[in-house]
Amino acid sequence: MDWLITAAGAGIVLFAVRDMFHTIWHPSGQGTLSRLVILMVWRGSQLLKRRAHQSSVMGPVALLSVILTWGVTIVAGWTLVYWPHMAEGFSFSSSLDPAQRSDFLDSLYLSLVTVATLGYGDIVPQEPWLRLTSPLQALIGFALLTAAVSWVLQIYPALARRRTLAIRLALLQRAGAARLLPATDSSSSATLLQSLAGDLTQIRVDLTQYAETYYFRETDAVASLPAQLPFARELARAGRESAQEELRLAGTVLAEAVQDYAHLLAQQFPLAGDSTDDVLRNYAADHGYAEP
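Just so you know, the sequence shown maps onto residues 477 to 768 in the numbering used here.
Okay, structure coming up:
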């Protein structure tokens, strides 16, 4: 029975480590536990009836919740690894009162201290396999810290690219770009549409690898891609209706980029719709913005 508990603890630790890897370093970013925690935070904010423009902290809160969940899961798993062997597998400092000790609490304390790489030395493993596994936990604790920092450093540049595209689209909409597009030089107009298609393709890659970026809301509609993306479709439509072949091609490329992005949204997130326009409308509504 003792070894079953230890094996269960090791399984929990491996599950948490696997989730960290798939969330941060896997190209598709498909961590099961992290996605569940983020979705719970997102749905919780909706149950509290917080509109997107009233609450822009759900993304950071979701990240923090996932990191804490990883930490708690790792600590709990190693607690189960140590617990059945605490009495005979460890030596205790003479300053510890035997009457006030508890195997489970001692295991939890040792797990917390080890994952934080503090190493007080008041509880020391004696059995050979424990002397090997305890430093392994410290290494995993360091990996958790590294993972948290790496995650933040990877996500925020992706969010910056998304905001930049949204602001570009907002400025083009103010300038009446859809109306003026056919009248401008076809080469410059085509270059503009191709540039927008390239930016949207990069954001699609970002969303594939960092699906959690979906749950970051913007307080300003100008910087919100869900609010501004329908205008990219309008620009693509204007380009495709042009009499100039180069501009029609660029409009088609942008239209395909928008459609591909909408297809990804419909696949990975609960955004049902019979058409690209429906998906984009639901995308904006899910972030608290009415259709532009």
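All residues carry an ideal CB built from backbone N, CA and C; glycine is no exception. Treat the numbers as computed from the prediction; the structure is a model and nothing was measured.
For residue j and residue i, believed in contact at Cβ under 8 Å, the rounded distance
| i | j | result |
| --- | --- | --- |
| arginine 716 | arginine 724 | 6 Å |
| histidine 561 | leucine 606 | 7 Å |
| isoleucine 481 | leucine 556 | 5 Å |
| valine 513 | valine 537 | With 8 Å as the limit, valine 513 and valine 537 do not qualify as a contact, their Cβ atoms being about 10 Å apart. |
| aspartate 579 | alanine 592 | Actually they are not in contact, since the Cβ atoms of aspartate 579 and alanine 592 sit about 21 Å apart, beyond 8 Å. |
| leucine 711 | alanine 653 | 6 Å |
| serine 664 | glutamine 720 | About 11 Å; that fails the 8 Å criterion. |
| leucine 741 | tryptophan 627 | Actually they do not touch by this definition, with Cβ atoms about 22 Å apart. |
| alanine 651 | isoleucine 543 | The pair is not a contact, with the Cβ atoms about 42 Å apart (cut-off 8 Å). |
Simplified DSSP assignment, three categories, for residue i
| i | result |
| --- | --- |
| serine 567 | strand |
| proline 601 | strand |
| proline 746 | coil |
| tryptophan 501 | coil |
| serine 718 | coil |
| leucine 490 | helix |
| threonine 593 | coil |
| aspartate 696 | coil |
| glycine 727 | helix |
| histidine 763 | coil |
| valine 755 | helix |
| valine 517 | helix |
| threonine 660 | coil |
| tyrosine 686 | coil |
| alanine 651 | coil |
| valine 533 | coil |
| methionine 477 | coil |
| serine 587 | helix |
| arginine 577 | coil |
| leucine 439 | The chain is shown only over 477 to 768; residue 439 falls outside these bounds and no answer can be derived. |
| glycine 553 | helix |
| glycine 485 | helix |
| glycine 617 | helix |
| glycine 507 | coil |
Chain-order list of residues whose beta-carbon lies under 6 Å from that of residue i (same chain, five-residue window excluded)
| i | result |
| --- | --- |
| histidine 529 | Residue placement at histidine 529 is flagged as unreliable, the pLDDT there being 41, under the threshold of 50; a coordinate-derived value is accordingly withheld. |
| alanine 726 | Ala666, Leu669, Gln670, Gly715 |
| glutamate 603 | Gly565 |
| valine 493 | none |
| glycine 485 | Gly553, Leu556, Val557 |
| alanine 699 | Arg639, Ala642, Ile643 |
| glycine 507 | Asp495, His498, Thr499 |
| aspartate 762 | none |
| proline 601 | Phe566, Arg607, Ser610 |
| histidine 774 | Only positions 477 to 768 of the chain appear in the structure, and residue 774 is not among them; the question remains open. |
Residue burial classification, residue i (beta-carbon count within 10 angstroms, cutoff 16)
| i | result |
| --- | --- |
| aspartate 582 | buried |
| alanine 703 | buried |
| arginine 590 | Just to set this straight, residue 590 is threonine in the shown sequence, not arginine. So threonine 590 counts as buried. |
| tyrosine 737 | buried |
| valine 729 | buried |
| glycine 597 | exposed |
| glycine 595 | exposed |
| aspartate 478 | exposed |
| proline 633 | exposed |
| tryptophan 546 | buried |
| tryptophan 559 | buried |
| leucine 656 | exposed |
| glycine 487 | exposed |
| glycine 674 | exposed |
| leucine 672 | buried |
| arginine 519 | exposed |
| alanine 636 | exposed |
| aspartate 750 | exposed |
| alanine 731 | buried |
| serine 587 | buried |
Own chain partners of residue i with C-beta closer than 8 Å, once the 5 adjacent residues on each side are dropped
| i | result |
| --- | --- |
| tyrosine 585 | Ile599 |
Beta-carbon contacts of residue i that lie in its chain and below 7 Å, excluding the five residues immediately before and after
| i | result |
| --- | --- |
| alanine 697 | Ala703, Tyr765 |
| proline 658 | Ala714, Ser718 |
| threonine 677 | Ala733 |
| glutamine 649 | Phe707 |
| leucine 572 | Asp598 |
Residue i: CB within 8 Å of a non-hydrogen atom of the ligand ATP
| i | result |
| --- | --- |
| proline 702 | Although the ligand ATP was asked about, the structure shown includes no ligands whatsoever. |
(request) Could you say if the stretch 681-692 and the stretch 739-753 meet the contact criterion of at least three C-beta pairs nearer than 8 Å? (result) yes
(request) Report yes or no: do three or more beta-carbon pairs, one from the stretch 644-661 and one from the stretch 604-614, lie closer than 8 Å? (result) Verdict: no, contact absent.
(message) Quick test of the definition: if touching needs 3 or more C-beta pairs under 8 Å, does the stretch 541-559 touch the stretch 612-626?
(response) Touching, yes, given that three or more Cβ pairs across the two stretches are closer than 8 Å.
(request) Report yes or no: do three or more beta-carbon pairs, one from the stretch 755-762 and one from the stretch 675-682, lie closer than 8 Å? (result) Contact annotation: the stretch 755-762 does not touch the stretch 675-682, with fewer than three C-beta pairs closer than 8 Å.
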